[in-house]
Ligand code: SF4
Ligand code: SF4
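Residue numbers (the working numbering), protein chains in the order written: chain A, 126 to 299; chain B, 1073 to 1439.
In structure tokens:
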């Protein structure tokens, strides 16, 4: 009979409409936590581990990382400049993969709009200031999937605390 | 007295949502009937082939994400296969299985998106699209938990995959596999017998078997016209020879058949995923290579059955750390070659759905 196919389709639509909860999330009031391996902005860089070998800069397809080093007294390197250009970065993670000393990690941030271009070229000072507070992503470091190396606490706990903090200052409460 | 009408030229695109990107069709229409169609492309040309000449083989992988941005995993696989073929790099067993899982998930996501878009073009404004996007979302979540991003995955590496699956991946995949057959039934209930869809798609954009073969079409375009050709079966790469699946083929080669072939392919992909889920071994996932490894002088062509058709990477090496030349045989571009023949004689509204059934992605057409 003409129209049976149509009715079948309508039944599916009606079922979905009435009995399925919405799948969408009302960003920015509600947020989805990115997974642990999220490859996001705000790189986490530990100066004490970095030797200034520049492997990360060589591995970067875009040439985003600028490193200037100077020789110290006892045959060591000082990293004088470590600039990551977030403007050109595509967050491919090849730099993190290349670092032989586990000094560079991806971050979990995704809201990195800025009013000035200069603020998106992140230098050594900013990276150093942020390193103790940021949670490195476990991208290419699966051993960090459950443990946060800076505080030694398991990640779900930290995430929960962060979520609670976010809720206090969230858009919904304003 | 006969009524004389003048032909009208319609600039369809490049900013029309139904052109699936920045693609322009210069349509000459006599009344409502198309008498000529001229595809204009190149608006998204980024010079990926030239760019790759200055990049190492690992650095090529993020570049391929941006070719067919609806199925980046398949692009990654094709790219690293070419490098592996040239350098005879071994790939661990587990990595092979992960590649199959990822490529088939990608096929599901791509065909889902394509079906949703096709219904959009038909005027079902975002109903099915939302359903297919819901399932695509779950697949992209799996990608995200594995490699950190949803679309620009960069997950494959010459010699394996980037890193092992996280431990919550397998349970999530299981849940998805249990759900998918029901969802596919829902899509089919919505479209396959729907009289309006049938009236709009049956007998529209008909491509005879000979034309499909002569134009070098591949993928669902070719199979919709009744040619049983699937590179996974006819020229198996990776470990595809171990899986049992059928190749669905259409009969008439019209828009409806191309849609139908895709839905059936999604069912076959679920079948492959079930087998991969069952058989995946433990072990290493990557052959370690130096950061800037060199490939021997020579050339290699690797092709895979990407969701859109035969995706090939032709790599020429002069022994350095970067390719001397890279050519991408992109299925969208070659499938688009028949667009004029498929649309002349039909109405403008039919041209829209014919283009939708070709399933193009402009990132890949223009490269
Ligand atoms: S993530 Fe990729 S593009 Fe960004 S700095 Fe690292 S290597 Fe370069
Ligand atoms: S590769 Fe690692 S250790 Fe070397 S310069 Fe980069 S961050 Fe520092």
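Glycine included, each C-beta is placed from N, C-alpha and C at the ideal position.
Measuring alpha carbon to alpha carbon, tell me which residue in B:1234, B:1188, B:1351, B:1326 is nearest residue 1360 of chain B. Here residue 1360 of chain B refers to the residue found at position 288 when the second chain is read from its first residue. It is B:1234.
So the candidates are A:159, A:224, A:243, A:127; which of them puts its Cα closest to the Cα of residue 234 of chain A? Taking the first chain and counting its residues from 1, one reaches residue 234 of chain A at position 109. The shortest C-alpha separation from residue 234 of chain A is found at A:159.
If the cut-off is 8 Å on Cβ atoms, which residues from the region 1255-1268 of chain B count as contacting chain A, listed in chain order? From the region 1255-1268 of chain B, only 1258, 1261, 1262, 1263, 1264, 1265, 1266, 1267, 1268 have a Cβ closer than 8 Å to chain A.
Mind checking which residues open and close the alpha helix (DSSP H) that includes residue 1340 of chain B? Taking the first residue of the second chain as 1, we reach residue 1340 of chain B at position 268. From DSSP, the alpha helix (DSSP H) with residue 1340 of chain B extends over 1327-1351.
Quick one, which of B:1320, B:1379, B:1408, B:1438 has its alpha-carbon nearest residue 1174 of chain B's? Your numbering for residue 1174 of chain B matches position 102 in the second chain. Cα-wise, what sits closest to residue 1174 of chain B is B:1379.
Measure how close the beta-carbons of residue 1403 of chain B and residue 1370 of chain B come, nearest whole angstrom, since I'm counting them as under 8 Å. As a first step, residue 1403 of chain B must be located in the second chain, where it is residue number 331. As a first step, residue 1370 of chain B must be located in the second chain, where it is residue number 298. Actually they do not touch by this definition, with Cβ atoms about 25 Å apart.
Alpha carbon to alpha carbon, how far is residue 1134 of chain B from residue 177 of chain A? Start at 1 with the first residue of the second chain, and residue 1134 of chain B comes out as number 62. Start at 1 with the first residue of the first chain, and residue 177 of chain A comes out as number 52. Near 25 Å, if we compare the C-alpha coordinates of residue 177 of chain A and residue 1134 of chain B.
Positions along the region 1233-1249 of chain B whose CB lies within less than 8 Å of some CB in chain A: Cβ proximity to chain A below 8 Å picks out 1234, 1235, 1236, 1238, 1239 from the region 1233-1249 of chain B.
Could you give the first and the last residue of the continuous beta strand (DSSP E) run that contains residue 1077 of chain B? Here the question's residue 1077 of chain B lines up with position 5 in the second chain. Careful: residue 1077 of chain B lies outside any beta strand (DSSP E) and carries neither H nor E.
Cutoff 8 Å; reference residue 1416 of chain B; Cβ partners in own chain excluding five residues on either side: Residue 1416 of chain B sits at position 344 when you count from the first residue of the second chain. If we look at residue 1416 of chain B and ignore the five residues flanking it on each side, its Cβ neighbours are 1106, 1107, 1108, 1109.
Please check if any C-beta of chain A sits within less than 9 Å of the C-beta of residue 1178 of chain B. By one-based count along the second chain, residue 1178 of chain B stands at place 106. For residue 1178 of chain B, the answer is no, since every Cβ of chain A falls outside 9 Å of its Cβ.
Inter-residue Cα distance where the pair is residue 1176 of chain B and residue 1345 of chain B: Working through the second chain from its first residue, we reach residue 1176 of chain B at position 104. Working through the second chain from its first residue, we reach residue 1345 of chain B at position 273. The straight-line gap from Cα to Cα measures roughly 7 Å.
Residue(s) in a DSSP beta bridge with residue 170 of chain A: Here residue 170 of chain A is taken as the residue at index 45 of the first chain, counted from 1. Answer by DSSP bridge pairing, in chain order: A:229.
Residues that residue 192 of chain A bridges to, as DSSP identifies them: As a working mapping, residue 192 of chain A is identified with position 67 in the first chain. Per DSSP, the beta-bridge partners of residue 192 of chain A are A:207.
Per DSSP, cross-strand counterpart(s) of residue 1108 of chain B: For this step, residue 1108 of chain B is matched to residue 36 along the second chain. BP columns for residue 1108 of chain B point to B:1100.
Starting from the Cα of residue 204 of chain A, find the closest Cα among A:165, A:241, A:172, A:263 and give me that residue. Here residue 204 of chain A refers to the residue found at position 79 of the first chain. Minimum Cα distance to residue 204 of chain A is reached at A:172.
Under 9 Å, CB to CB, which of the residues in the region 241-270 of chain A have a partner in chain B? Within the region 241-270 of chain A, the qualifying residues are 262, 263, 264, 265, 266, 267, 270.
Using only the heavy atoms of ligand 2, determine whether one of them is closer than 8 Å to the beta carbon of residue 226 of chain A. Residue mapping note: residue 226 of chain A aligns to position 101 of the first chain, counting from 1. Yes, the beta carbon of residue 226 of chain A sits closer than 8 Å to at least one heavy atom of ligand 2.
Less than 8 Å between the CB of residue 159 of chain A and some heavy atom of ligand 1, yes or no? Here residue 159 of chain A refers to the residue found at position 34 of the first chain. No; taking the cut-off as 8 Å, the Cβ of residue 159 of chain A has no heavy atom of ligand 1 nearer than that.
For residue 1092 of chain B, which option in B:1144, B:1153, B:1407, B:1193 has the closest C-alpha, if you only look at C-alpha atoms? Start at 1 with the first residue of the second chain, and residue 1092 of chain B comes out as number 20. Comparing Cα-Cα distances from residue 1092 of chain B to each of B:1144, B:1153, B:1407, B:1193, the minimum goes to B:1193.
Pull the bridge partners of residue 234 of chain A from the DSSP assignment, please. Mapped onto the first chain, residue 234 of chain A falls at position 109. The beta-bridge partner set that DSSP reports for residue 234 of chain A consists of A:166.
So for residue 1388 of chain B, helix, strand or coil by DSSP? Residue mapping note: residue 1388 of chain B aligns to position 316 of the second chain, counting from 1. In this structure, residue 1388 of chain B counts as strand in the three-state DSSP scheme.
Tell me which same chain residues have a C-beta within less than 6 Å of the C-beta of residue 1184 of chain B, skipping the five on either side of it? Along the second chain, read from residue 1 onward, the residue named residue 1184 of chain B stands at position 112. Excluding sequence neighbours, residue 1184 of chain B sits near 1204, 1207, 1208.
Rounded to a whole number of angstroms, what is the C-alpha to C-alpha distance between residue 1228 of chain B and residue 1144 of chain B? To locate residue 1228 of chain B, count along the second chain from 1; it is residue 156. To locate residue 1144 of chain B, count along the second chain from 1; it is residue 72. When only Cα atoms are considered, residue 1228 of chain B and residue 1144 of chain B end up about 10 Å apart.
Any chain B beta carbon closer than 9 Å to residue 166 of chain A: The count along the first chain starts at 1 and reaches residue 166 of chain A at position 41. It does not; no Cβ of chain B falls within 9 Å.
Compare the C-beta of residue 139 of chain A against all C-beta atoms of chain B and say whether one is closer than 9 Å. As a first step, residue 139 of chain A must be located in the first chain, where it is residue number 14. Chain B contact via Cβ: absent.
Let me check you understand the geometry: is the CB of residue 218 of chain A closer than 8 Å to at least one non-hydrogen atom of ligand 1? Sequence index remark: in the first chain, residue 218 of chain A carries index 93 (1-based). For ligand 1, at least one heavy atom lies less than 8 Å from the Cβ of residue 218 of chain A.
Answer with buried or exposed for residue 1224 of chain B, where buried requires no fewer than 16 other C-beta atoms within 10 angstroms of its C-beta. Within the second chain, the letter at position 152 stands for residue 1224 of chain B. It counts as buried.
Could you tell me which uninterrupted beta strand (DSSP E) segments, each at least 3 residues in length, are contained entirely in the region 1353-1410 of chain B, listed from first to last along the chain? Unbroken beta strand (DSSP E) stretches of 3 residues or longer found wholly inside the region 1353-1410 of chain B: 1370-1378, 1381-1389, 1397-1401, given in chain order.
Can the beta-carbon of residue 1296 of chain B be found less than 9 Å from the beta-carbon of residue 1269 of chain B? Indexing the second chain from 1 puts residue 1296 of chain B at position 224. Indexing the second chain from 1 puts residue 1269 of chain B at position 197. Cβ atoms of residue 1296 of chain B and residue 1269 of chain B: not closer than 9 Å.
Say whether chain B places a C-beta atom closer than 9 Å to the C-beta of residue 229 of chain A. Translated into the one-based positions of the first chain, residue 229 of chain A becomes position 104. Residue contact check for residue 229 of chain A against chain B: no CB pair falls below 9 Å.
Just checking: is the beta-carbon of residue 1133 of chain B within a distance shorter than 9 Å of some beta-carbon in chain A? Along the second chain, one-based indexing puts residue 1133 of chain B at 61. At least one chain A Cβ lies under 9 Å of residue 1133 of chain B.
Could you check if residue 261 of chain A belongs to the surroundings of ligand 1, using beta carbon to heavy atom distance under 8 Å? Numbered from 1 along the first chain, position 136 holds the residue referred to as residue 261 of chain A. For residue 261 of chain A, the Cβ stays outside the 8 Å cut-off from all heavy atoms of ligand 1.
DSSP state of residue 200 of chain A mapped onto helix, strand, coil: Reading the first chain from its first residue, position 75 is the one you call residue 200 of chain A. In the three-state scheme derived from DSSP, where H, G and I count as helix and E and B as strand, residue 200 of chain A is classed as coil.
Using a cut-off of 8 Å between C-beta atoms, extract the partners of residue 1203 of chain B located in chain A. Within the second chain, the letter at position 131 stands for residue 1203 of chain B. Ordered by position in chain A, the residues that pass the 8 Å Cβ test against residue 1203 of chain B are 141.
Any heavy atom of ligand 2 within a distance shorter than 8 Å of the CB on residue 223 of chain A? Looking up residue 223 of chain A in the first chain gives position 98. It does: the Cβ of residue 223 of chain A is within 8 Å (strictly closer) of some heavy atom of ligand 2.
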